[in-house]
Amino acid sequence: MSTSKFQQRFIAFVDILGFTNIVRRMSEESRLFVTIRDSLKSLDLQSRRFQEYRRRLQDKRKQIIQKGLVPLLPNITDLQMTAFSDCYVISEITPAWHVLAAIQTLGANLLKEGILTRGAVVYGDAYHKGRVLFGPGIVEAYKLESEVAKYPRILVTDSVRQTVWGYHNGLCKGRLLKQDIDGCWFVNVLTPPLSSWAAVSDKTNDRNARLFLQKIRQSLTTELRRERENLSHLSKVRWLVHRFNEEATAEGVRTITGDKGALLKC
Numbered sequence: 113m114s115t116s117k118f119q120q121r122f123i124a125f126v127d128i129l130g131f132t133n134i135v136r137r138m139s140e141e142s143r144l145f146v147t148i149r150d151s152l153k154s155l156d157l158q159s160r161r162f163q164e165y166r167r168r169l170q171d172k173r174k175q176i177i178q179k180g181l182v183p184l185l186p187n188i189t190d191l192q193m194t195a196f197s198d199c200y201v202i203s204e205i206t207p208a209w210h211v212l213a214a215i216q217t218l219g220a221n222l223l224k225e226g227i228l229t230r231g232a233v234v235y236g237d238a239y240h241k242g243r244v245l246f247g248p249g250i251v252e253a254y255k256l257e258s259e260v261a262k263y264p265r266i267l268v269t270d271s272v273r274q275t276v277w278g279y280h281n282g283l284c285k286g287r288l289l290k291q292d293i294d295g296c297w298f299v300n301v302l303t304p305p306l307s308s309w310a311a312v313s314d315k316t317n318d319r320n321a322r323l324f325l326q327k328i329r330q331s332l333t334t335e336l337r338r339e340r341e342n343l344s345h346l347s348k349v350r351w352l353v354h355r356f357n358e359e360a361t362a363e364g365v366r367t368i369t370g371d372k373g374a375l376l377k378c
């Protein structure tokens, strides 16, 4: 019987918002089924690829050590992904970039189809192997998602933000992470997918910010019309529209306005 203890991991807990309505719409909009299925399957594939990579590194380390040498190989990765119903969890020992890039890319791709996500990324103790996951870090991420995030945003704790702040020549500072008016930092899904991993990106990903935002504008406009009677979900869409208008203004893309031409605010 295994006596493995918790590991310190970067953990993302993400919820797909309005999932019940999305499932209802699948009978008429088959692309929704395909989008969610393929997105989650792609993350599972990426997780298995990293596990294979990890096994190869471990084998190389053993061979080098057996020869009496010191292994100078990169840190061993352990990316894990578990999906259940309308939620998914991604975790990694190191680097945090693996987790953030994956959830940003998935969130951006889902948003193009009008599918909103909310979640949190923390650094804490957890056991995560395949479909088995538990630990205080998982609980912390879940509580942040369910009690603090409120809007369609994926929060990051200060410890996570400080860890990734210098990644990729400061990419996280300007594009990947944004700060909200309440002081919370969150993953920016209103920018083209940042991951180039084969399993979480696809040939249709829009690397051009203007083209990407134009597609997002169409999706959000449709969501505003569809959810006008669902006030709970509408408030979440309006928050995202407000963030979209900030990005659109910076990129010279047409903003989303109300009936009288005023910018929509959350």
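Counting from 1 along the sequence shown, just add 112 to a position and that's the residue number in this note's numbering.
The beta-carbon is built from N, C-alpha and C at its ideal position, and this holds for glycine as well.
A quick note: this is a predicted structure, and the numbers were derived from the prediction, not measured.
Identified DSSP bridge partners for residue i
{"i": "residue 124", "result": "202, 233"}
{"i": "residue 297", "result": "268, 291"}
{"i": "residue 367", "result": "According to DSSP, which records beta bridges pairwise, residue 367 is partnered with nothing at all."}
{"i": "residue 119", "result": "238"}
{"i": "residue 138", "result": "Note: residue 138 sits in no beta bridge, so no partner."}
{"i": "residue 194", "result": "201"}
Inter-residue CB distance, residue i and residue j (contact presumed, cutoff 8 Å)
{"i": "residue 306", "j": "residue 232", "result": "The pair is not a contact, with the Cβ atoms about 19 Å apart (cut-off 8 Å)."}
{"i": "residue 341", "j": "residue 226", "result": "Not quite, the Cβ-Cβ distance comes to about 16 Å (not below 8 Å), so this is no contact."}
{"i": "residue 126", "j": "residue 239", "result": "19 Å between Cβ atoms; not a contact."}
{"i": "residue 230", "j": "residue 257", "result": "6 Å"}
{"i": "residue 272", "j": "residue 322", "result": "In fact, because the Cβ distance is near 29 Å, the residues do not count as touching under 8 Å."}
{"i": "residue 118", "j": "residue 237", "result": "4 Å"}
Residue burial classification, residue i (beta-carbon count within 10 angstroms, cutoff 16)
{"i": "residue 357", "result": "buried"}
{"i": "residue 218", "result": "buried"}
{"i": "residue 172", "result": "exposed"}
{"i": "residue 383", "result": "Within the shown structure, residues of the chain are numbered from 113 to 378, placing residue 383 beyond reach of any answer."}
{"i": "residue 355", "result": "buried"}
{"i": "residue 343", "result": "exposed"}
{"i": "residue 192", "result": "buried"}
{"i": "residue 369", "result": "exposed"}
Euclidean distance between Cα positions of residue i and residue j
{"i": "residue 352", "j": "residue 254", "result": "21 Å"}
{"i": "residue 350", "j": "residue 252", "result": "27 Å"}
{"i": "residue 310", "j": "residue 153", "result": "Reliability fails at residue 310, whose pLDDT of 44 lies under 50, so the model's placement of it is uncertain and no value is given."}
{"i": "residue 325", "j": "residue 216", "result": "15 Å"}
{"i": "residue 333", "j": "residue 228", "result": "13 Å"}
{"i": "residue 120", "j": "residue 207", "result": "12 Å"}
{"i": "residue 312", "j": "residue 129", "result": "Reliability fails at residue 312, whose pLDDT of 46 lies under 50, so the model's placement of it is uncertain and no value is given."}
{"i": "residue 418", "j": "residue 338", "result": "In this structure the chain extends from 113 to 378, so residue 418 is not present and cannot be described."}
{"i": "residue 222", "j": "residue 149", "result": "11 Å"}
{"i": "residue 268", "j": "residue 196", "result": "22 Å"}
For the region 201-283, list the beta strand (DSSP E) runs that are entirely contained and at least 3 residues long, ordered along the chain.
229-241, 244-246, 266-268
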